[in-house]
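Enquirer:
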Amino acid sequence: MVPFDFNENAKRIGQNSIKWQLAEKNQEIIPAWVADMDFKVFPGLREAIKTYSEKDFYGYGYPNQTLTDTVMSWEKDEHNYTFSRSSLLFLNDVLSGIATALQVFTQEGDAILINDPVYPAFRNIITHNKRQLVTNTLVEKEGQFVFDFKQFEADIIAHQVKLFVLCNPHNPGGRVWDKETLLSIGKICQKHGVLVVSDEIHQDLTLFGHKHHSFNTVDDSFKEFSIILSSPSKTFNMAAFKIAFAIIENRTLRKAFQEKILANHQSISTIAYEVTETVYRDGKDWLVALRSTLEENITDVIDYFAKHAPKIKVMPSQGTYLLWIDFSNYSLSEKDLYRILKDEAKVILNEGLAYGQMGKSHARLNVATSKKLLQEIVKRIATSLENL
């Protein structure tokens, strides 16, 4: 396998990076929040962009059969998921896919279920589309999030939930949902006529021997009431290209979803199609090396806090490059906690309450950066809190 270097970060200052925007004004600040990686890009992706730049035209493009075959091969080889070519639809991003599903399959005022905690954009999309937000609280058991299925079903019944947005793997907890959990989710939703929209954007970033199971692979009948959404954007750090895909095996659901995409006139750039084919065709070795690096980084963070700031509790991630950090042992107000992190540690993390009420006294830490910078991040956090 070709060696890849994850010890040196890409240049981020002055590159219009949202993640590093605050650091441009104050270079003492280290950003460890937005879910993109600081590592240099997969070399094959850079070469694909160079090749594209040498073309004599930059007109409209379309997803050709080679691209479709490449995505299908990736899903089959990486996730043991096989589906028909017609089931695959390309779209701008996963979040627009969630919004499209809400607009097609629910009405204003309908109840939409999400977990607490979960990625904040889910909440925003639901409320902006004037749907009723319903939250189902995850339970922490033996250091991991689990479902309380009795409460999950009760929430669905009480609010007459029409659609559930599943985060698989889970952001921010890094939980890679096992088959048994997904089966229970599916059976309850099937029983009550709830459509499942499964955000699987972190599917390729499973770690420590954990395996991603796409919702549709758990039970064939789940294909009749589900929409799978994913993208290469997290895997290969290419969110700038704005491309994702939906897998919808139910023909009726797919037709309605596709018509809404056309109604909204969603379009994807030609270069996005081309680089997606490149990363899924050539990026496997890079991804293997990336996973190994992320495992080392996660282990280093957990070990460092355990030794130097044992009051800080880390939920060990099974997937993603995100860690859910619990600061509740310091008995700080939310305002004081984030002030200390930002003004004293000079580290920017995602504030926990953005993910729901379960996020009180928590924050999300992005470990996808060089070991040197990550060591400085955790040292600053530990020192600022232990000096209280």
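Heads up: the sequence shown is residues 1 to 388, going by full-length UniProt numbering.
The C-beta atom is built at its ideal place from N, Cα and C for all residues, glycine as well.
Everything numeric in this text was worked out from a predicted model, so none of it was measured.
Give me whichever residues DSSP pairs with CYS167 in a beta bridge.
Expert: DSSP lists ASP199 as partners of CYS167.
Enquirer: Say whether the segment 268 to 286 touches the segment 36 to 47, bearing in mind that this needs 3 or more beta-carbon pairs closer than 8 Å, one atom from each stretch.
Expert: Yes, since at least three Cβ pairs between the segment 268 to 286 and the segment 36 to 47 fall closer than 8 Å, the two stretches touch.
Enquirer: Could you tell me whether the Cβ atoms of ARG364 and ASN350 are closer together than 8 Å?
Expert: A contact, by the Cβ cut-off of 8 Å.
Enquirer: Which residue from ILE98, SER214, THR252, GLU180 puts its Cα closest to that of PHE164?
Expert: Ranking the options by Cα distance to PHE164, first place goes to ILE98.
Enquirer: When you compare only the Cα positions, how much space is there between ASP336 and HIS210?
Expert: Cα-Cα distance, rounded: 36 Å.
Enquirer: Express the C-alpha separation of SER292 and LEU205 in angstroms, rounding to a whole number.
Expert: Rounded to the nearest angstrom, the two C-alpha atoms are 10 Å apart.
Enquirer: Return the CA-CA distance between ILE248 and SER333, expressed in angstroms with no decimal places.
Expert: The straight-line gap from Cα to Cα measures roughly 44 Å.
Enquirer: Buried or exposed: where does VAL94 fall if 16 or more other Cβ atoms within 10 Å of its Cβ makes it buried?
Expert: Answer is buried; the Cβ neighbour count reaches 16.
Enquirer: Less than 8 Å between the beta carbons of LEU294 and TYR321, yes or no?
Expert: Yes, the pair counts as a contact, with Cβ atoms nearer than the cut-off.
Enquirer: Who does ILE114 pair with in a DSSP beta bridge?
Expert: Beta-bridge pairing links ILE114 to THR135.
Enquirer: If we count the other Cβ atoms within 10 Å of its Cβ and call it buried at 16 or more, is GLU54 buried or exposed?
Expert: Under this definition GLU54 is an exposed residue.
Enquirer: Run the CB neighbour count on SER331, radius 10 Å, all protein chains shown included, and call it buried at 16 or more, exposed below.
Expert: It is exposed - the Cβ of SER331 has fewer than 16 other Cβ atoms within 10 Å.
Enquirer: Taking its Cβ as the centre, do 16 or more other Cβ atoms sit within 10 Å of ALA111, making it buried, or is it exposed?
Expert: By the neighbour-count rule (16 or more Cβ atoms within 10 Å), ALA111 is buried.
Enquirer: Can you name, in chain order, every residue of its own chain whose Cβ lies under 6 Å from the Cβ of GLU75, other than the five neighbours on each side?
Expert: The residues are TYR81.
Enquirer: Can you tell me which of VAL197, PHE145, ILE157 puts its alpha carbon nearest to the alpha carbon of ALA104?
Expert: The residue you asked about is not Ala; residue 104 is Val in the sequence shown. That would be VAL197, whose Cα lies nearest to the Cα of VAL104.
Enquirer: Between which two residues does the beta strand (DSSP E) holding ARG227 run?
Expert: The sequence shown places Ile at residue 227, not Arg. Its beta strand (DSSP E) spans residues 226 to 230.
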